[in-house]
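**Student:**
Residue numbers (the working numbering): 944 to 1017.
1. Going along the chain, which residues of its own chain have a beta-carbon closer than 7 angstroms to the beta-carbon of residue 981, five neighbours each way excluded?
2. Check this for me: beta carbons of residue 974 and residue 996, under 9 angstroms apart or not?
3. Where does residue 971 fall in DSSP's three states?
4. Determine the direct distance from the alpha carbon of residue 1006 to that of residue 914, and round the result to whole angstroms.
5. What first and last residue would you give for the alpha helix (DSSP H) that runs through residue 976?
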């Protein structure tokens, strides 16, 4: 690989790492947490919270919404 391509790849990886803290804050806010609550969590705790919040319960059927019915009959 050329020197320029390697540097661009490293730059993109560094950019992703640079914004990780912002991404975690955004995720916490979207879940309705305050900055104080987010600050009390470790990164892994926040990711576990997101997993638990978004996990679908496969054992329990859910009621169909009008949107589900429209997709089915479309």
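All residues carry an ideal CB built from backbone N, CA and C; glycine is no exception.
**Tutor:** Put simply:
1. The residues are 968, 971, 989.
2. Going by C-beta atoms, residue 974 is nearer than 9 angstroms to residue 996.
3. Per DSSP, reduced to three states, the secondary structure at residue 971 is helical.
4. In this structure the chain extends from 944 to 1017, so residue 914 is not present and cannot be described.
5. Neither: residue 976 is in no alpha helix (DSSP H) and is coded neither H nor E.
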